[in-house]
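> After the C-alpha cells below, expect a handful of questions from me.
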Amino acid sequence: MIIQVTDLTKSYGELQVLKGITTQVAEKEVVCIIGPSGSGKSTFLRCLNQLEPLTSGRVVINGHDLSDPKTDINKVREEVGMVFQRFNLFPHKTVLENVMLAPIKVRKLAHEEARKQGLALLEKVGLQDKADVYPERLSGGQMQRVAIARALAMNPKVMLFDEPTSALDPELVGEVLAVMKSLAKEGMTMVVVTHEMGFAKEVGDRIIFMDQGIIMAEGSPKEFFDNTSHERLRSFLGKVL
Ligand code: ADP
Ligand code: MG
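Residue numbers (full-length UniProt numbering): 1 to 241.
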C-alpha cells in the first residue's frame, strides 16, 4: 500500500469536514473519488500531501507518516504530485520553463538535464511543439497538460488530481483525460477527484463515493455502476450520468 489513511478527520474551526476516513491505495492503483460538491473531496486530497494539516487520524504516504512532526513535508510534496482544477502556470515563463523550474530549484537538476527531461515530458503530453510558447497562447486543455507535465517533472510516486477537467470547455476535456489515461497505463498511482464517470468507469480500478465527509460507498467500477443499491449514490449518479 502506497497510501494508508486511518480514521482521518479534518475540521475548520467548528466545521468538521472529514469525519473519519479510512482507506488505502495500492501501488499502481487508480482510485477515482466522486461525490457531491462540499462533501470534502478536495480537503481529502489536500490532506494527502499536507497542504492541510490533519486534525486527527493517520496518513502514511510512500512510507512517510504525515502526523509525525519529524516527517520532511517537502520530501512528501516531491513524491506526491498534484494537479488542480486551475492550472496556475507561471504566465511570464514559457511552457518549457514552467516544466523545468521545480526540477532545477528543488531537485537541483542541471539546466541541460532539466531541459531534456522537460522536452520529453512535453512530448509525453503531446505538446513538444509548444515548448517556447507562453501560457497565454495555449488553450485550457493544453495548459492543463502542461500542468500535468510540470507535476511529473518531480518524478512523483503518486499523482493527485482535483477535478482536472472541470474548468475546461467540453471539447477540451478528452485530450486531458487521454493524457491521464496513458499515465495510468504506465503504472502511475493516481487518486482522481472527477465528475467524468466515463473515465472513472474505464480507467479507475476502484471508485470511492464521498458524501458529507465520509466514504459512503467504495468498490470496483462494475460494482458501482451496475449495482447501485446505495440510495444516496444512486441519487448522485442519477444527477451526473
Ligand atoms: P468538495 O471538494 O467535495 O467540493 P471541499 O473539500 O472543497 O469539498 O469542502 C468541504 C467543506 O469544507 C465545505 O463546506 C467547504 O466550505 C469547507 N472548507 C473547505 N476549505 C475550507 C477552508 N480553508 N476553511 C473553511 N472551510 C473550508
Ligand atoms: Mg473540490
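Cβ atoms here follow ideal geometry from the backbone N, Cα and C, with glycine treated the same way.
Quick caveat, the model's predicted, so the values are computed rather than measured.
Measure the CB-CB distance between residue 2 and residue 49 and report whether it falls below 7 Å.
In this structure, residue 49 does not lie closer than 7 Å to residue 2 by Cβ.
> Please classify residue 136: does DSSP put it in a helix, a strand, or coil?
Three-state result, residue 136: helix.
> Buried or exposed: residue 98, going by 16 or more other Cβ atoms within 10 Å of its Cβ?
Under this definition residue 98 is a buried residue.
> Would you call the region 25 to 42 and the region 67 to 81 in contact, with 3 or more CB pairs under 8 Å?
Output reads no: the region 67 to 81 does not touch the region 25 to 42.
> Since residue 101 is in the alpha helix (DSSP H), which residue starts that stretch and which ends it?
Segment 95 to 105, the alpha helix (DSSP H) holding residue 101.
> For the pair the region 95 to 115 and the region 123 to 143, tell me if three or more CB-CB distances fall below 8 Å.
With the cut-off at 8 Å, the region 95 to 115 and the region 123 to 143 touch.
> Would you say the beta carbon of residue 10 comes nearer than 6 Å to a heavy atom of ligand 2?
Result no, Cβ not under 6 Å from ligand 2.
> I want to check one thing, is the minimum distance from the CB of residue 182 to the heavy atoms of ligand 2 below 6 Å?
Not under cutoff, so the answer is no.
> What residues in its chain sit with their C-beta under 8 Å from that of residue 215, if we drop five residues either side in the sequence?
Taken in chain order, the residues that qualify are 21, 22, 23, 208, 209.
> Can you give me the C-alpha to C-alpha distance between residue 32 and residue 220, rounded to a whole angstrom?
If I take the Cα positions, the gap works out to 10 Å.
> Where do the ends of the beta strand (DSSP E) carrying residue 59 lie?
Per DSSP, residue 59 belongs to the beta strand (DSSP E) from 56 to 61.
> Give me the residue from 146, 141, 184 with the minimum Cα distance to residue 171.
The residue with the shortest Cα to Cα distance from residue 171 is 141.
> Verify whether the separation of the beta carbon atoms of residue 45 and residue 160 is less than 7 Å.
It is a contact, given that the beta carbons lie within the stated cut-off.
> Between which two residues does the beta strand (DSSP E) harbouring residue 73 extend?
No beta strand (DSSP E) holds residue 73; the alpha helix (DSSP H) holding it covers 73 to 79.
> Out of 178, 52, 205, which has the shortest C-alpha to C-alpha gap to residue 76?
Out of 178, 52, 205, 52 has the C-alpha closest to the C-alpha of residue 76.
> When every heavy atom of ligand 1 is checked, does at least one fall within less than 6 Å of the C-beta of residue 116?
Result no, Cβ not under 6 Å from ligand 1.
> So, do the region 106 to 118 and the region 79 to 88 have three or more beta carbon pairs nearer to each other than 8 Å?
These segments do not touch.
> Can you tell me whether residue 39 sits near ligand 2, meaning its C-beta is under 6 Å from at least one heavy atom of the ligand?
Checking the Cβ of residue 39 against ligand 2 gives no.
> Ligand 2 and residue 229: does any heavy atom of the ligand fall closer than 6 Å to the residue's C-beta?
Flag unset: Cβ of residue 229 not near ligand 2.
> I'd like to check one pair, residue 145 with residue 127: are the Cβ atoms closer than 7 Å?
For residue 127 and residue 145, yes; Cβs fall inside 7 Å.
> Is the closest heavy atom of ligand 1 to the C-beta of residue 17 under 6 Å?
Yes, the Cβ of residue 17 comes within 6 Å of a heavy atom of ligand 1.
> Check for me: the beta strand (DSSP E) holding residue 110 runs from which residue to which?
Premise fails: residue 110 is in no beta strand (DSSP E) and is neither H nor E.
> My guess is that residue 25 and residue 165 are in contact by the Cβ rule of under 8 Å, so how many angstroms apart are they, rounded?
With a Cβ gap of about 21 Å, residue 25 and residue 165 do not count as contacting.
> If we require 4 or more residues per run, which alpha helix (DSSP H) segments fall completely within the region 116 to 166?
For the region 116 to 166, whole alpha helix (DSSP H) runs of length 4 or above, ordered along the chain, are 140 to 152.
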